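Enquirer: Chains as they are written, first to last, in my numbering: chain A, 7 to 239; chain B, 7 to 239.
There are 2 protein chains.
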Amino acid sequence: MAIKIYELCGKDETRLFSPHCWKTRLSLAHKGLDWDTIPTQFVDVAGLEGGEKRTVPTIRDGDTVLHESYQIACYLEDQYPDKPSLFNGEGGKELSKFLISWSQGTLHPLVAQLCMLDIHNLLDDENRAFFRKSREAMFGITLEEFDQKFAKDNTNLVKAMLPLENLLKRQPYLGGDTPLFADYVVFGPLQWLRVSASHDVMPKEGAVADWFARLLDMYDGIGRKASAGFTAA
Amino acid sequence: MAIKIYELCGKDETRLFSPHCWKTRLSLAHKGLDWDTIPTQFVDVAGLEGGEKRTVPTIRDGDTVLHESYQIACYLEDQYPDKPSLFNGEGGKELSKFLISWSQGTLHPLVAQLCMLDIHNLLDDENRAFFRKSREAMFGITLEEFDQKFAKDNTNLVKAMLPLENLLKRQPYLGGDTPLFADYVVFGPLQWLRVSASHDVMPKEGAVADWFARLLDMYDGIGRKASAGFTAA
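#1: Could you check whether the stretch 87-101 of chain A touches the stretch 93-105 of chain B, counting it as contact only if at least three pairs of C-beta atoms, one from each stretch, sit closer than 8 Å?
#2: Of all the residues that make up the stretch 111-123 of chain B, which are near chain A by a beta-carbon distance shorter than 7 Å?
#3: If you reduce the DSSP assignment to three classes, tell me which class residue 71 of chain A lands in.
#4: Using a beta-carbon distance below 8 Å, is residue 239 of chain A in contact with chain B?
#5: Give the range of the alpha helix (DSSP H) segment to which residue 149 of chain B is assigned.
#6: Taking residue 206 of chain A and residue 236 of chain A to be in contact with their CB atoms under 8 Å, please state how far apart those CB atoms are, rounded to whole angstroms.
#7: Would you say residue 103 of chain A reaches chain B, if we count a Cβ-Cβ gap shorter than 8 Å as a contact?
#8: Within its chain, find whatever has a CB closer than 7 Å to the CB of residue 83 of chain A; leave out the 5 residues flanking it on each side and keep chain order.
#9: With respect to the beta strand (DSSP E) encompassing residue 87 of chain B, which residues constitute its N-terminal and C-terminal limits?
#10: Whole angstroms are fine: how far does the CA of residue 119 of chain A sit from the CA of residue 209 of chain A?
#11: Return the CA-CA distance between residue 220 of chain B and residue 45 of chain A, expressed in angstroms with no decimal places.
#12: Could you tell me how far apart the beta carbons of residue 62 of chain A and residue 13 of chain A are, in whole angstroms, since I believe they sit closer than 8 Å?
#13: Where DSSP assigns a beta bridge to residue 44 of chain A, which residues make up the other side?
#14: May I ask which residues mark the beginning and end of the alpha helix (DSSP H) holding residue 201 of chain A?
#15: Name the chain B residues whose beta carbon is nearer than 7 Å to that of residue 160 of chain A?
#16: Are residue 29 of chain B and residue 194 of chain B closer than 8 Å when you measure CB to CB?
#17: Counting contacts by CB-CB distance shorter than 8 Å, is residue 150 of chain A in contact with chain B?
#18: For my contact list, residue 109 of chain B and residue 101 of chain A are in at a C-beta cut-off of 8 Å; report their separation, rounded to the angstrom.
#19: Find the residues of chain A that neighbour residue 217 of chain B, judging by a C-beta separation of less than 9 Å, and give them in chain order.
#20: Quick one: grab the DSSP three-state call for residue 53 of chain B.
#21: Helix, strand or coil for residue 181 of chain A, going by three-state DSSP, please let me know.
#22: State the beta-bridge partners of residue 125 of chain A as determined by DSSP.
#23: Return the residues of the stretch 168-179 of chain A that lie within a Cβ-Cβ distance of less than 7 Å from chain B, sorted by chain order.
#24: What does the alpha-carbon distance come out to for the pair residue 239 of chain B and residue 137 of chain B?
#25: Within 8 Å (strictly less), CB to CB, does residue 227 of chain A reach chain B?
#26: Assuming residue 96 of chain A is part of the alpha helix (DSSP H), what are its boundary residues?
#27: Helix, strand or coil: which one does DSSP assign to residue 64 of chain A?
#28: Considering only the alpha carbon of each residue, which of A/88, A/41, A/169 lies closest to residue 107 of chain B?
#29: Nearest CA to the CA of residue 18 of chain B: which residue from B/32, B/226, B/201?
#30: Rounded to a whole number of angstroms, what is the C-alpha to C-alpha distance between residue 122 of chain B and residue 111 of chain B?
#31: Could you pull the start and end residues of the alpha helix (DSSP H) that residue 133 of chain A belongs to?
#32: Could you have a look at residue 22 of chain B and say whether DSSP puts it in helix, strand or coil?
#33: Decide yes or no for the touch test of the stretch 26-40 of chain A against the stretch 70-88 of chain A: beta carbon pairs closer than 8 Å, at least 3 of them.
#34: According to DSSP, is residue 235 of chain A helix, strand or coil?
#35: Under three-state DSSP, which class holds residue 171 of chain B?
#36: On the three-state DSSP scale, how would you describe residue 227 of chain B?
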């Protein structure tokens, strides 16, 4: 039976923008597993699978329900050991956590600055109201004020990715010759930006741009098939 | 026969300040190997082991001579597979490279801003002249001008280490329950600062400070035995 994955979407169910869901989507593709996506809007997240305060991604694999992309990756690694590894050993599993911490602490806030209002605009009325209320409580200002605070270019993002750029000049993936979960951890926020932003602020040149293009094409191009905000606008 | 390690020192041969040499020193300790240190000053580095343009650390293990802390760690891992692993598998070996790129791109420049002139002052006259000439050519300004550009507090360094701080709140080492080479990669620049800086700018509280203290005490306290600049001044 195929694994179910609940993924965050906009009013258009093909508009899958969550960085965390992309990490799980690529983890499933990496393992070569069958899965069915269940597009899920913000207001439906907390009640998924009868659970309280669930988050996305959530997966159901037979009787097992779990959430959080790293926990899911660890589960898939243990459950499907004969499929390609997401970590290549315990050291890779541990050090992936630094990539998560770095990506979420450094890249995610910068991506959010570039497309927070665009995400709002992808939603239907009910979800817009939910999103606005929760984010404005978080930021202490309106979404429009938040949006106006930040220049809509990728200067800061490109600068923040320099450690990645310098590494990817010397090898095709963070995982070496082939990607690991760590690659998907960093792919997540860039795909979030690509799918959400109403203006094209993707890095176009350099090692990170080339690496991102390679990942978009991987697994029959599931990354590239997700329409980009700026072309689909 | 013990492994020889050539380590950068000041006029005082016990003042071992190089972040890269510390990575190798702790790699050798981690593997539980016997080694002899050969304190080496700047002007003697290029001619080490008869080589041209060698760098530190350089090690000699029997007939094998090699340099660069990551290459040395890979060599030790391959050569001494029965000793504790520095990587815990191929994934850990690959992802250690991101830690290197992040540490060198983010932390090293900030540490250099805090103690560049202090390093100069640790050297003898001949090495001071060498260091001044090479660094001033690199920076395009005098060491004193470089020194005056930067506030001598750790605000920027602490901020840069936030991804590390957030991770180490949840686990004792980057490697998980025990350290891996990745831990030494980040220990390196902090020990460089501790040994070199004439003022105490070490983080004192929080998960990074606690982790650093644990590493200083490890392996019979070889890290802590290295005198700190601000206490030894």
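In this text, a Cβ means the ideal position worked out from N, Cα and C, and glycines have one as well. Bear in mind that the values here come from a model prediction, so they are computed numbers and not experimental data.
Expert: With the structure as the only source:
#1: The stretch 87-101 of chain A, when compared against the stretch 93-105 of chain B, does touch it at the 8 Å Cβ threshold.
#2: For the stretch 111-123 of chain B, which is checked against every Cβ of chain A, the residues closer than 7 Å are 111, 112.
#3: Note: residue 71 of chain A maps to strand in three-state DSSP.
#4: With a pLDDT of only 37 at residue 239 of chain A, under the threshold of 50, the placement of this residue in the model should not be trusted; the figure read from the coordinates follows. So no, residue 239 of chain A is outside the interface.
#5: For residue 149 of chain B, the uninterrupted alpha helix (DSSP H) segment begins and ends at 149-155.
#6: Contact holds; Cβ gap of about 4 Å.
#7: Interface residue, yes.
#8: Excluding sequence neighbours, residue 83 of chain A sits near 91, 92, 93.
#9: Premise fails: residue 87 of chain B is in no beta strand (DSSP E) and is neither H nor E.
#10: Straight-line Cα distance between these residues: approximately 16 Å.
#11: Distance between the alpha carbons of residue 220 of chain B and residue 45 of chain A is about 46 Å.
#12: Sure, about 6 Å apart at Cβ, within 8 Å.
#13: Note: residue 44 of chain A sits in a beta bridge opposite A/12.
#14: Taken as a continuous stretch (DSSP letters only), the alpha helix (DSSP H) holding residue 201 of chain A covers 187-202.
#15: The premise fails here: residue 160 of chain A is roughly 18 Å from chain B at the closest Cβ pair, so nothing lies under 7 Å.
#16: Yes.
#17: No, residue 150 of chain A lies away from the interface with chain B (no Cβ there is under 8 Å from its Cβ).
#18: About 13 Å; that fails the 8 Å criterion.
#19: The premise fails here: residue 217 of chain B is roughly 12 Å from chain A at the closest Cβ pair, so nothing lies under 9 Å.
#20: When secondary structure is reduced to three states using DSSP, residue 53 of chain B falls in the coil class, being assigned neither helix nor strand.
#21: The answer is coil: DSSP assigns residue 181 of chain A none of H, G, I, E or B.
#22: DSSP, once it has assigned bridges, lists no residue as partnering residue 125 of chain A.
#23: The stretch 168-179 of chain A vs chain B, Cβ under 7 Å: 168, 169, 172, 173.
#24: Unreliable placement is indicated for residue 239 of chain B, whose pLDDT of 37 sits below 50; the coordinate value is still reported in the next sentence. Whole-angstrom Cα-Cα distance: 20 Å.
#25: At least 8 Å separates the CB of residue 227 of chain A from every CB of chain B.
#26: Start and end: 96-108.
#27: DSSP, read as helix, strand or coil, puts residue 64 of chain A in strand.
#28: The option with the nearest alpha carbon to residue 107 of chain B is A/169.
#29: Closest by alpha carbon: B/201.
#30: Distance between the alpha carbons of residue 122 of chain B and residue 111 of chain B is about 16 Å.
#31: Start and end: 131-145.
#32: In the three-state reduction of the DSSP assignment, residue 22 of chain B falls in the strand class.
#33: Contact holds: three or more Cβ-Cβ distances are below 8 Å.
#34: Three-state DSSP puts residue 235 of chain A in a helix.
#35: Helix.
#36: Helix, per DSSP.
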